[in-house]
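No gaps in the numbering here: position 226 of the sequence shown is 1071 in the numbering used here, and each next residue is one more.
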Amino acid sequence: MKTNKHSKTIFFILFCSLVSVNLIANTINVTKRGVIPNDNIDDVDALNIIFRGLNDGDEVYFPQGVYDFRLPTFVNLANKKNIRIYGDTSGSGVTLRKIGIDPTIISNQYSQSIFRFVNCENIRLEGVMIDLDKPYGINGEVIRKGSDEMGAFYELLLPDEFDIYDTVIEKIKIKNELSYDKDGTPNYHLGTSYNTQGDLSKLPKVVKVNNERIKIYNSDGYLGRLVVGDLMNLRLGRDGAPVVQVLNSDDTLIKDVTVWEWYGFNFFFGDNSVRNSHSKNATFDNFNIKRKPGSTRLLISGADGIHVKSLTGKLIVKNSTFERLGDDAINVHNRVGLISSFGQNQAKLINLFDDKGVGNKWARIGSKVNFVNKESGLIIGSSVIVANKGGDTYAFDNIPTGIKVGDFVTNVSKTPEVDFMNSTVRYSRARGLVLQVPKLRVINSVFENISGPGILITTGFDRWAEGPGVTSAVIRNNKIRKCANYLNSLGAILISSNHDNARGTERSPGVHRNIRIVRNDIRNTNSSAVFASVTDKINVVKNTFVNVNQRPNSLFAGAVFMKNCKNGVIKDNSISSSGKKISFEHSYNIRLDNTIHNPIKYKDTDVIAVYNFEDPILRENHVFESDNSNNNINLSRMIANSTSNEVFSVNGPTNFGSAISLYKTNNSSLESDKIKTSNISLTNKVSMATWFKVSNDLENGQLIKLVNLTNANQDELLYVGLRRKNDGVYTIAVPGKIANSNFNTYTTSLKINTWNHLAVNVQDGKAALYINGQFKTSFNAQNEFTDDINMIRIGDNTAATSVKLSIDEVHVLKRTLSENEIKDLITASNSPTVTTEIVEGIFKIQNDANRQNVIAPDWNNFNSRMFRDLNANDQKWEFKHLGEGTHTIKNIGTGRYLQVDSPICIRNNNVSTQISATADHHKWIIKKIKSNYFLRPVNCDNFALDKSSNNNGNVKLWSFNEDNNNQKFNLIPTSVQRELDDVSAVEKIDVYPNPTRETVNFNLENHMGESISYSIISLTGQQLINDVFQKSHKSEETIDLRNLRDGVYFINFRTPDGIHISKKIVLAKGGD
């Protein structure tokens, strides 16, 4: 029997009398509490009464039918635990319908949700469908374009399903227009968005031609590239809140839920309370956004499918479908704080997105944050929130050195790990997935007919300022079809620091780290299949790319394009591309099958000269003074238009007197070997870059000078010199006319006997100085030179009484170097220069010579020594980067920090451990030369960790020497042995129970569709079981261990990608 409005009110009154009763946990059938389906009456008030009266553990059951939620109300669930809300899935099922859609108004009422969950735990929404009573968009086919007295127009042929708006069609308010290909792919031939600011005359005008056709007059007559035959969607003037808002709630499950149409976000996770934590953990299983069978609607969701602004733990999306969205299927991020002021471990933060303060909900006490350099995008250091000091000001346990106003603070604790598996995204505007998270997996999914990238990994630093960089990502076994063909998209898979804007590709390698793109199938994209930028450690392996890069961007071209990347592998890919297959820009140490990409190449027309010192010449400890004996040491030189490198030598003191000069082997001066160039003046461009190293004895040394041979003391286009002020402090002189003392200087501290990189750009009367890749200052270069530059002097200054200066890899160009090129010169150096490494994670410190590991056990009074390789905790060390290359090194077994016993640098000093790390002699700089690591204490980095010559010997401090094998160490990741570090969280295989009595289970969910080989090995190294889980394996597999004796064993796994995973298990048949 249908209940009228009067009888429903009686139900309300009866139910209200029960609210104060302490009900036991039970299942509540909403139809028994005054909520009647299919009656076209608003059910929100009755449902709110039910939800307020719920006890923890109750279930709310909706029988079949349609339940109405009138605008602008919603149902609120607050401060509840273990609540299940579910519908009857038989027959026509349960539809929760928002009613009151009016196409003739502009509205943006953010209270229009179906549900809002606030401060809840373990809420389950299952077995329901979501819909609107009327479509919030109209679409049709473009059948004509033209113009008349009202202006330019296009004409649409409308499907029958929009007849519902026939009587008001000329009154509809169009907020957006978007065109589509015939197959339903948004193509942006015409894409508009109207901000009326109260002036509705700015909106397009609609004229009804007949019951099937309408004309659309764009307000400015703009029809873009719209063509007859395009499909067109007219989004009406209705925005609003998500289907469900999840605010400060934990362990939310959405299962077997379908959204037929919605005007805003579908699900939103954020903060809205004073609780000292964010929402945590959410799972979507068989969650679908799709149009109803038989519908022709092009757009069924006004915004993101799942929008995460604040969530910790993990977001899992599986077995789900997202189609015809007005924005991204999933967008996961938080808000990055921009430092507006700081001091005394406090910082005031603003939101770059709107220049407003971040507010007191931005972070919780205990939240982990990273401080990030805005220009490079690299992490300076980490910290923890200890207090909110009111509004936008937060207190930290420390603020690392090196930050400045304008740098970022990213709230790592506010962003979840993401698993997206066995799901589909298609026919959507913008992007498929936008992931601004530390760790992610995208596996066995389909992305097709999306205007932008199928998968976008980003930070949004320059516009939205939304997320931290990725530290671990796996993109595997996905199919990507016809994505990234519009919106000036760069790649079907795009990795950037600023969404899909090319500006986001300009930062340094290391914004993102450890990304694996494996066995994906990408087809029919105009842009790159994979466009990767600003990433350190990236593998693109065993993928199939067909008909990609069909319309290469004028700036970037390549089926695989890498820009500002380092340390990667591109191999075993099948590529069908009309353009280049693989291209690079400012990327290095990328392994291409059997070769390594290490660029730094210039056009011949750019080069004045490049000097690479092949033996220890002008570098390391080779010092040239007036009393030196004769030396003849090889040097190679490349000049413009040279067909091969020429060999030169350095002659002895009879030729240099008190300075250094370079000579050819026939003793004719290199200075007289005129370097042919075009006229170069300060109104044009010139640059120089070199490695150099100084000693305390340097008084006045010249790095390089470009002059005119006939007037060498006067006309100097480029001069770079050093002058010691006092120990460790130097002035660097840059372009000027030395004879008139008209040169500029920059004062800086330089560590003695340490390689530094220096670059100078001269352009249009300005000289810019870079030290170690960082811009330091610029000067006015007042002089203008028009004579040919035909002499280069290196390491030459007749005013010096002694020169103790090491130089290597000198580059002189007839153009300026970009900041990225300067960084390339540093990081892709072929010389044995020392680079400072940033190391994070847990490693064994293994000597390269004897393969023994550093330990510091209690039985040795916590002093460090060497011992054979074991999988013991006292052989594992946690490296934590504090900023500016400084680290602490903590032993996992003892919890003590590696230190030098004395703050005074003494050879043979003892190296031990202690319980804290506060002083410089408790901290370490990690230097890398070729493949070896050198551990050098901060207080005296001219010393290094050094093992005794024999096995099982002590570890001491000794003068640094890169040729000393006792100082060469490898850092071996302890969790997973692999090509890429830090990916274990997304590749892990859980083993349980452990200890076990009979059988052991393996969770193989991370490796579905892969064959996994495994072996069980005893502590003595004997292989007892060797087998394979085939590709068809289940998510959980079990093996029987009853034939083995009690004891400790290792299980080793190997994936098809060559990843090794080792687990220790304990078999104890007779006990717990």
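Every residue gets a Cβ at the ideal spot worked out from N, C-alpha and C, and that includes glycine.
Taking 6 Å as the limit between beta carbons, can you name the residues of its chain near residue i, skipping five residues before and five after?
i: GLU1262; result: LYS1159, LYS1284
i: PHE1132; result: ILE1099, VAL1102, SER1165
i: ALA1613; result: ASN1606, SER1623
i: PHE1113; result: PRO1087, GLN1090, HIS1152
i: GLN1812; result: PHE1779, ALA1789, ASP1791
i: SER1532; result: ASN1606, LEU1658, THR1661, LEU1662
i: LYS1324; result: VAL1291, ASP1366
Which of helix, strand or coil does DSSP assign to residue i?
i: PHE896; result: helix
i: ALA1534; result: strand
i: GLY1349; result: helix
i: TRP1769; result: strand
i: HIS1123; result: coil
i: ASP1005; result: helix
i: ASN1117; result: coil
i: ALA1694; result: coil
i: ARG1660; result: coil
i: HIS1878; result: coil
i: HIS1034; result: strand
i: GLN1759; result: strand
Straight-line CA distance for residue i to residue j?
i: ALA1913; j: GLY1235; result: 56 Å
i: VAL1104; j: LYS1213; result: 35 Å
i: ILE1861; j: TYR1894; result: 7 Å
i: PHE1007; j: GLY1036; result: 21 Å
i: THR1731; j: SER1432; result: 25 Å
i: GLU994; j: ALA1275; result: 35 Å
i: SER807; j: LYS877; result: In this structure the chain extends from 846 to 1917, so residue 807 is not present and cannot be described.
i: PHE1493; j: HIS1656; result: Only weak support exists for where PHE1493 lies, its pLDDT of 37 falling under 50; the coordinates are left without a value.
i: SER1794; j: ARG1781; result: 19 Å
i: TRP1309; j: TYR1591; result: 37 Å
i: THR1255; j: ILE1195; result: 12 Å
i: TYR1010; j: ASP884; result: 23 Å
i: GLN1867; j: ILE1295; result: 53 Å
i: TYR906; j: ASN1117; result: 27 Å
i: ILE1966; j: CYS1410; result: In the structure as shown, the chain begins at 846 and stops at 1917. Residue 1966 is therefore absent and cannot be evaluated.
i: LYS1137; j: LEU1001; result: 22 Å
Could you pull out every residue in the same chain whose Cβ sits closer than 7 Å to the Cβ of residue i, ignoring the five residues on either side in sequence?
i: ASN1755; result: ASN1708, ASP1746, LYS1801
i: ASN1796; result: ASN1695, GLN1697, MET1711
i: SER1856; result: VAL1873, PHE1874, GLN1875, LYS1876, PRO1901
i: VAL973; result: PHE907, GLY932, VAL939, LEU941, VAL1102
i: ARG1887; result: GLU1843
i: LYS1206; result: ASP1116
i: GLY985; result: LEU1001, LEU1002, LEU1003, PRO1004, MET1077
Could you check if residue i is buried or exposed, using at least 16 other CB atoms within 10 Å of its CB as the buried criterion?
i: GLU1881; result: exposed
i: THR1304; result: buried
i: TRP844; result: No answer is possible for residue 844: the residues shown for the chain start at 846 and end at 1917.
i: ASN1675; result: Its pLDDT being 45, under 50, ASN1675 is placed unreliably in this model, and the coordinates cannot settle the point.
i: ALA1232; result: exposed
i: VAL1177; result: buried
i: ARG1142; result: buried
i: ASN1388; result: buried
i: ILE1583; result: Per-residue confidence for ILE1583 stands at a pLDDT of 42, beneath the threshold of 50, marking its modelled position as unreliable; no derived number is given.
Which residue's Cα is closest to the Cα of residue i: the options?
i: CYS965; options: LYS1020, ALA1402, ILE1325, ASP1095; result: ASP1095
i: GLN957; options: ASP976, LEU970, ASN967; result: ASP976
i: GLU1666; options: ARG1713, GLY1610, ASN1617; result: ASN1617
i: GLY1109; options: LYS1125, GLY1085, THR1097; result: GLY1085
i: GLN1395; options: THR1370, VAL1013, VAL1257; result: THR1370
i: SER1322; options: PHE1265, GLN1281, ILE1687; result: One point to set straight first is that residue 1322 is Asn, not Ser, in the sequence displayed. The candidate whose alpha carbon is nearest that of ASN1322 is PHE1265.
i: ILE1360; options: VAL1282, ILE1175, LYS1327; result: VAL1282
i: SER935; options: THR949, LEU1849, GLN909; result: GLN909
i: GLN1042; options: HIS1034, ILE951, ILE988, ILE983; result: ILE951
i: PHE962; options: ILE946, GLU1015, GLY1115; result: GLY1115
i: VAL1315; options: GLY1854, ASN1601, ASN1040, SER1378; result: SER1378
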